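Encoded as structure tokens, the structure appears first; notes follow it.
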Amino acid sequence: MLCSKGPPRIADKVIHRQTVRIGRTMKLLCPVEGDPPPLTMWTKDGRTIHSGWTRFRVLRQGLKIKEVEAEDAGTFICKATNGFGSININYTLIVIVANSCNLLEVQYFVTFLS
């Protein structure tokens, strides 16, 4: 069976709304495939994530965030591109902050509308 060349496509189910407790490590997946294999790039709230973001690590199939902070809440986008096109996978990350005295949970999230 021959595989045809074409733009990237989503290879697996994605849960677009992700929740994590402050201080935890989490991974956002970018399950894409294509021929030729796509290159991926991550952004948070419109800013490109790069090696200078010390707690963030771009992996082959996702993005790892270590020791999540409240400020990490927001919109993350994985953009996969090859010579035939591109596709975006959007995530909204919600950070839950637990108060040790009364276990009050506060949710932080940011959604940008275009």
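Taking the UniProt record's numbering, I'd label the letters of the sequence shown as residues 1 to 114. By construction, the Cβ of each residue, glycine as well, lies at the ideal position given by its N, Cα and C atoms. Quick caveat: nothing in here was measured; it's all calculated off a predicted structure.
With 16 or more neighbouring CB atoms inside 10 Å of its own CB, residue 65 falls in the buried class.
Shown here for residue 55: same chain residues with a beta carbon closer than 7 Å to its own, the five before and five after excluded, namely 65, 66, 67 in chain order.
Residue 93 and residue 74 do touch by the CB rule: their CB atoms are close to 6 Å apart, below 8 Å. Boundaries of the beta strand (DSSP E) harbouring residue 56: 56-59, taken from the DSSP string. In the three-state reduction of the DSSP assignment, residue 45 falls in the coil class, being assigned neither a helical nor a strand state.
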